[in-house]
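Per our numbering, residue 75 is the first one in the sequence shown, and the count goes up by one each step.
Each residue gets a CB set at the ideal place from its N, CA and C atoms; glycine is no exception.
Remarks on the structure that follows.
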Amino acid sequence: MKKTTSDAILNEELKTFNWSNVDEYPSFASCNDAISKEEKKRCFQNTLTAIITNKIQRDTIVVSQNIDDTIYIKFQISEQGVLSFLEAKVDSVTRHEIPNIDEILTSSLDSLPEIYPAIKRGQQVKTAFTLPVIIRVN
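Spelled out as structure tokens, the structure:
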């Protein structure tokens, strides 16, 4: 494991654009027909949410109490269009009931279609964003 200084991490963060700072949002091929920037963003988020939700529903999750929670998943998409799971903000009840939630989320990304990275001034850029996903288990 290589050690990075806080300066290196900060520089890395600065090179990571927030979604609102890009000319074109990351996209799936299925979203390329969307006309406006906003529609493309919505299509991308909806597609990603559907893939993750599907995976969570396919996993057999046994809980002792019903869960109806919105989790916030932080992602990064590289300049090459590689999506990385950074972290999930999950409330303590959900985390207690589904202790392997991070593994489930990570594995839900294994079957993603190709992602076209965000564009800023004609260059492919790294972006980070947070996606809210509703989890209901009963």
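Worksheet item: Where does D133 fall in DSSP's three states?
Response: The residue given as residue 133 occupies position 59 in the sequence shown. In the structure shown, D133 adopts coil according to DSSP, grouped into three states.
Worksheet item: Along the chain, where does the alpha helix (DSSP H) that runs through L205 open and close?
Response: Taking the first residue of the sequence shown as position 1, residue 205 is located at position 131. Counting along the chain, L205 falls outside any alpha helix (DSSP H), though it belongs to the beta strand (DSSP E) covering 197-211.
Worksheet item: Excluding five sequence neighbours on each side, which residues of the same chain lie with their C-beta closer than 6 Å to the C-beta of I172?
Response: Taking the first residue of the sequence shown as position 1, residue 172 is located at position 98. Excluding sequence neighbours, I172 sits near I135.
Worksheet item: Whose C-beta lies closer than 6 Å to the C-beta of P33 among residues of the same chain, with five residues either side of it excluded?
Response: With the chain covering 75 to 212 only, the question about residue 33 has no answer from this structure.
Worksheet item: With distances taken from CA atoms, which of F118, S166, I151 is nearest Q139?
Response: Position 65 of the sequence shown, counting from 1, holds the residue named residue 139. For the residues F118, S166, I151, the minimum Cα distance to Q139 belongs to S166.
Practice prompt. Compute the beta-carbon to beta-carbon distance between P191 and E153, rounded to the nearest angstrom, for a pair I have assumed lies under 8 Å.
Written response: As a working mapping, residue 191 is identified with position 117 in the sequence shown. As a working mapping, residue 153 is identified with position 79 in the sequence shown. Sure, about 5 Å apart at Cβ, within 8 Å.
Practice prompt. Determine contact between the segment 141-148 and the segment 197-211, defined as no fewer than three beta-carbon pairs at a distance below 8 Å.
Written response: Yes, they touch.
Worksheet item: If you draw a straight line from the alpha carbon of K114 to that of V199, how long is it in whole angstroms?
Response: Sequence index remark: in the sequence shown, residue 114 carries index 40 (1-based). Sequence index remark: in the sequence shown, residue 199 carries index 125 (1-based). Roughly 17 Å separates the two Cα atoms.
Worksheet item: Helix, strand or coil: how does DSSP classify L154 here?
Response: Position 80 of the sequence shown holds residue 154. The sequence shown places Gln at residue 154, rather than the Leu named in the question. Coil.
Discussion item. Suppose you measure from the CA of I151 to the CA of Q119; what does that come to, to the nearest Å?
Written reply: Here residue 151 refers to the residue found at position 77 of the sequence shown. Here residue 119 refers to the residue found at position 45 of the sequence shown. Approximately 13 Å, taken between the alpha carbons.
Worksheet item: What does T144 pair with, by DSSP beta-bridge criteria?
Response: For the purposes of this step, residue 144 is taken as the residue at position 70 of the sequence shown. Answer is I208.
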